[in-house]
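S.K.:
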DNA sequence: TAGATCCTTGGAGTGCGCTCCAGGCAAGCG
DNA sequence: CGCTTGCCTGGAGCGCACTCCAAGGATCTA
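Protein chains in written order, with full-length UniProt numbering: chain A, 1 to 153; chain B, 1 to 153.
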């Protein structure tokens, strides 16, 4: 038995959820600028992602232009999420390599994601700490503003 | 009436809370390497902060060496918090300029902090979104790991 | 078929936040 | 006295994640 992440595909590219965000239904070929529009990344960045191995090699049209698939969009959605966590690009490339290497890397992928999860939790806690400081200062300035206003009155 | 942020000082440097984190009591003069040890920043970075205007001009010993005060440490603590929010250094410099400019910049400081607060809230929400994705993937790999284990049995 | 627009490539450039270097001064110690 | 250690300066360098450039080929619209 082989476990795949989505039920309807043969190879595990660790694709994102089946829910396309705002994706023309029934379509499965996108030019680079269409993908740029859908993802918010620039075409430059998409090509760069491919060069550094963060994307698999993208299908090409008969004239050599890139044609992205829905699967590629799924992967980019995941990359976007990982990027939001602050994960370095090098680590994402490592993850992409594990995915390409096949099922026997499940344990390592698990470990990488678990570590990332811990980092995210720590980061959230950190931000909540700074939020407390900000709130203290903000209420100080709010009070000070009121005091100055009443002074003028 | 003039409102100051801490009750025991005359000038408002928007100092951090009176609770020193791990600070030798009764001391009010620190060398750059002591400050580096206390803050986790490097001496290089401390000098650089001063050059770009993120720190006020630091007191000097008779031989020209920097002598940081507890007030400077308070300010560095705030800077550290703001840095954790992801605020660009340029914005922190802007805030520092407002503080140096005097009480009439309270409204602007308030605005800056309020905006930062919104950013932090948005960032936390973002991270919680990525956490959901991570959790989904992690449980996938955990299940897959169990399936592979039972296969070997 | 002309002209505008889009896509291709390798490699160079950018902005940020540090990080380090060279060369030199000052203080403490055996 | 020499040695080590710590600090000073302006300016160069670095790692990251893009971002852009030049020169040329492909595709679309009238």
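We put the CB at the ideal spot given by N, CA and C, even for glycine.
(1) Please go through the same chain and pick out, in chain order, the residues whose beta-carbon is closer than 8 Å to the beta-carbon of residue 33 (chain B), but skip the five residues on each side of it.
(2) If you draw a straight line from the alpha carbon of residue 136 (chain B) to that of residue 115 (chain B), how long is it in whole angstroms?
(3) Quick check on this structure: which residue in A:62, A:71, A:139 has the alpha carbon closest to the alpha carbon of residue 27 (chain A)?
(4) Can you check whether the C-beta of residue 107 (chain B) is within less than 8 Å of a C-beta belonging to chain A?
(5) Rounded to whole angstroms, what is the Cα-Cα separation between residue 41 (chain B) and residue 83 (chain B)?
(6) Under 8 Å, Cβ to Cβ, is there at least one residue of chain B near residue 133 (chain A)?
(7) Taking the alpha carbon of residue 54 (chain A) as the reference point, which residue from A:76, A:147, A:93 has its own alpha carbon closest?
(8) Between which residues of its own chain and residue 95 (chain A) is the CB-CB distance below 7 Å, once the five residues before and five after are set aside?
(9) Are residue 58 (chain A) and residue 66 (chain A) touching if we call contact CB-CB under 8 Å?
(10) Just how far apart, CA to CA, sit residue 73 (chain A) and residue 76 (chain B)?
(11) DSSP state of residue 123 (chain A), grouped into three classes?
(12) Have a look at A:69, A:85, A:147 and flag the residue whose alpha-carbon is nearest the alpha-carbon of residue 132 (chain B).
(13) Give me the DSSP bridge partner(s) of residue 66 (chain A).
(14) So is residue 116 (chain B) in contact with chain A if we call contact Cβ pairs under 8 Å?
(15) When the distance is taken between beta carbons, is residue 36 (chain A) closer than 8 Å to residue 46 (chain A)?
M.R.: Taking the geometry as given:
(1) Sequence-distant Cβ neighbours of residue 33 (chain B) in its own chain, meaning closer than 8 Å and more than five residues away, are 43.
(2) Cα to Cα, the separation comes out at about 32 Å.
(3) Distances from the CA of residue 27 (chain A) to each of A:62, A:71, A:139 were compared; the closest alpha carbon is that of A:71.
(4) By this cut-off, residue 107 (chain B) is an interface position.
(5) Near 12 Å, if we compare the C-alpha coordinates of residue 83 (chain B) and residue 41 (chain B).
(6) Using beta-carbon distances, residue 133 (chain A) counts as an interface residue toward chain B, with a partner under 8 Å.
(7) Among A:76, A:147, A:93, the Cα nearest to that of residue 54 (chain A) is on A:93.
(8) Contacts found: 109, 112.
(9) Taking 8 Å as the Cβ cut-off, residue 58 (chain A) and residue 66 (chain A) qualify as a contacting pair.
(10) Roughly 43 Å between the two C-alpha positions.
(11) Residue state, collapsed to three classes: helix.
(12) Nearest C-alpha to residue 132 (chain B): A:85.
(13) Note: residue 66 (chain A) sits in a beta bridge opposite A:60.
(14) Interface criterion met: the Cβ of residue 116 (chain B) is under 8 Å from a Cβ in chain A.
(15) Taking C-beta atoms as the reference points, residue 46 (chain A) and residue 36 (chain A) count as a pair closer than 8 Å.
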